[in-house]
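For the sequence shown, our numbering puts the final residue at 407, and the numbers step up evenly by one.
Shown next, in structure tokens, is the structure this report addresses.
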Amino acid sequence: MVLVMEWHKFQSFIGHFSAHSKEQIRKAFDLGQQLHAGQKRKSGEPYFTHPVAIAAKLASIGADEETIIATLLHGTVEDTPITLEEIEKEFGATVAKLIDGVTKLSSSDIGTGPNVNEQTETLRKMFRLMQTDNRIMVIKLFDRLHNMETVDFLSPTKANALAQETQDAYAKIANRLCMEDVRYELEEHCLRVLDPTLLERLMSLREKTIEQGKSVLKSMESTLRGHEPRLLQNVEMELERKSWEKLEAQLDLEGRPISGLSPVTIAFICPDRDTCYRVLGALHEPWEREILSFRDFINTPEINGYQGLHTTVILKNGMRVRCKIRTQEMQAYAHKGILMYCFDETKRQKLSALLPWIERLESISEDTQNKSEEFWRSLQSDILGKSITIYGPDDKSVQLPKEST
């Protein structure tokens, strides 16, 4: 009865689909319900509530039919008798490939040996398949997000292991795909498990900076509109929340007169690129600019495709305010990342240019074949770690791991 009600509730998330798509999704829903019948989660709920919750969240942000069907059935090959061949026959090769991408490898799949680790090899497989369809990693990230949302039902040992893996791998993957909203949630759930006391302090600091930021934003907006009333007509200003990492750095330095600390970040959302650069100039008129604070990520996007202009201005009272200037599309990408493009076949082609690091995955995988630990180290340093931009002749630039020589 619970799952029948779940379908009626689920329908509200797919109302925008065609009748044929709804029919296919309903068929997948019924199949998943049937295959997972009798299986329970640690919470005691029917297992199928898990893929339904993920599929509903993905549908609400614009996921396509194939992604939703694959999400509903993502645990079937791993946990039920059905095969990928049977799924392909029923729903097509793309759905089967998406499910294969998020299906864990078993020891029989990878063999045994001192240098082979099941979890790492599953991650290698996902990255390899992601090169042809990045929706695989999107499904996995939302799967992990829901697992972290329900982590309270696991034993402390398992919860800590899941949170640590999420922090070490999946939150960083979300960052590399510029899915910052997902990353923020993942890191919050990890902190709740791994260091709840720190999370409580960070949340308290976050509330404090929000209140402080409201008055700063109001004051800056008044000054700017006085200097450039026409320019600011079509520009929105809003407070931007700081990452948990930045909040922790702010917490460590709280109360000390440290140069360079910006407790408040304000986003300036402009109608076009030209206005972005004009707003940058307007910011430097009434306030002093902090030396070396300017970054032009419009001209040279970050490794995850992020674009925007960054500068830090110093107010009359000495407070530093980090300013991030973006177009509306850049603003959306800064929070959603590849979710803006991956569910549309035409837009999906744009992602190879936005995410140049994906091309490096193949060589890393080949160089570390059957060496799980080495692959994990390469992944952490070359792909998921912090990067620097090297500029060469003919306006060429290349992203390298931080501290490269």
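Think of the CB as a built atom: it goes at the ideal place given N, C-alpha and C, for glycine as much as any other residue.
Predicted model only: the values in this text are computed from it and were never measured.
Give the DSSP-derived three-state secondary structure of residue i in the structure shown.
| i | result |
| --- | --- |
| K11 | helix |
| L263 | coil |
| G113 | Only weak support is given to the placement of G113: the predicted model assigns it a pLDDT of 49, under 50, and the value that follows is read from those uncertain coordinates. In the structure shown, G113 sits in coil (DSSP, three-state: anything other than H, G, I, E or B). |
| D392 | According to the sequence shown, residue 392 is Ile rather than Asp. It is a strand residue. |
| V140 | helix |
| L402 | strand |
| H18 | coil |
| K91 | helix |
| T407 | coil |
| V6 | Note that V6 scores a pLDDT of 45, beneath 50, so its modelled location is shaky; the value from the coordinates is reported in the next line. Looking at V6 - three-state DSSP - the assignment turns out to be helix. |
| D135 | coil |
| K373 | coil |
| R291 | strand |
| K42 | strand |
| R146 | helix |
| R28 | helix |
| R232 | coil |
Leaving out the 5 sequence neighbours to the left and right, which residues in its chain are closer than 7 Å to residue i when beta-carbon positions are compared?
| i | result |
| --- | --- |
| G113 | Low confidence applies here, because G113 scores a pLDDT of 49, under 50, leaving its location unreliable; read the following figure in that light. So no residue of the chain qualifies. |
| I56 | T73, F144, D145, H148 |
| L253 | R203, L204, L207 |
| G46 | none |
| A334 | M342 |
| A161 | V153, V195 |
| K59 | F144 |
Spatial neighbours of residue i within its chain, please: CB distance less than 6 Å, with the 5 preceding and 5 following residues excluded, ordered by chain position.
| i | result |
| --- | --- |
| V4 | With a pLDDT of 47 at V4, under the threshold of 50, the predicted position of this residue should be treated as unreliable, though the coordinate-derived value follows. Excluding positions up to five away in sequence, the list is empty. |
| S383 | P403 |
| T314 | S264, E292, S295, R322, R324 |
| V6 | Annotation note: pLDDT 45 at V6 (below 50); position unreliable, no value reported. |
| M132 | I138, M139 |
| E182 | H337 |
| L234 | L226, R227 |
Looking at the secondary structure, which residues open and close the beta strand (DSSP E) in which residue i lies?
| i | result |
| --- | --- |
| C272 | 266-272 |
| K99 | Looking at the DSSP string, K99 is not in any beta strand (DSSP E); the run it does join, the alpha helix (DSSP H), is 95-104. |
| T314 | 311-316 |
| T329 | 322-329 |
| E240 | 238-241 |
If I follow the unbroken alpha helix (DSSP H) through residue i, where does it start and stop?
| i | result |
| --- | --- |
| E68 | 67-74 |
| I360 | Note, I360: premise wrong, no alpha helix (DSSP H); not H, not E. |
| T82 | That residue, T82, is in no alpha helix (DSSP H); it is neither H nor E in DSSP. |
| V54 | 51-62 |
| V281 | 275-285 |
| M128 | 120-132 |
| E247 | 246-255 |
| R350 | 347-350 |
For residue i, which residues of its own chain have a beta-carbon under 8 Å away from its beta-carbon, when the five flanking residues on both sides are left out?
| i | result |
| --- | --- |
| Q330 | I271, C272, P273 |
| H191 | L147, M150, E151, V153, A165, T168 |
| I16 | S23, K24, I27, A61, I70 |
| Y186 | R243, S245, W246 |
| R178 | I305, N306, L357, W359, I385, L386 |
| R130 | L363, E364, S367 |
| F345 | G64, A65, D66, T69, R137 |
| H229 | A284, E287, P288 |
| E92 | K29, L33 |
| I268 | G215, V218, L219, M222, M239, E240, L241, E242, V323, R324, C325, K326 |
Start-end ranges of the alpha helix (DSSP H) lying completely within the region 151-227, minimum 4 residues = 158-167, 173-178, 182-196
message = Using a Cβ distance threshold of 8 Å, determine whether the region 243-254 contacts the region 291-299, with at least three qualifying pairs required.
response = no
query = Are the region 73-84 and the region 31-39 touching by the rule of at least three beta carbon pairs closer than 8 Å?
reply = yes
ask   = Does the region 197-217 come within contact of the region 148-166, defined as at least 3 CB pairs closer than 8 Å?
value = no
query = Taking three-plus beta-carbon pairs below 8 Å as touching, is the region 278-285 in contact with the region 319-336?
reply = yes
Any 3 or more C-beta pairs closer than 8 Å across the region 361-373 and the region 335-344 = no
message = If contact is defined by three or more beta carbon pairs under 8 Å, each pair taking one atom from either stretch, is the region 345-361 in contact with the region 91-102?
response = no
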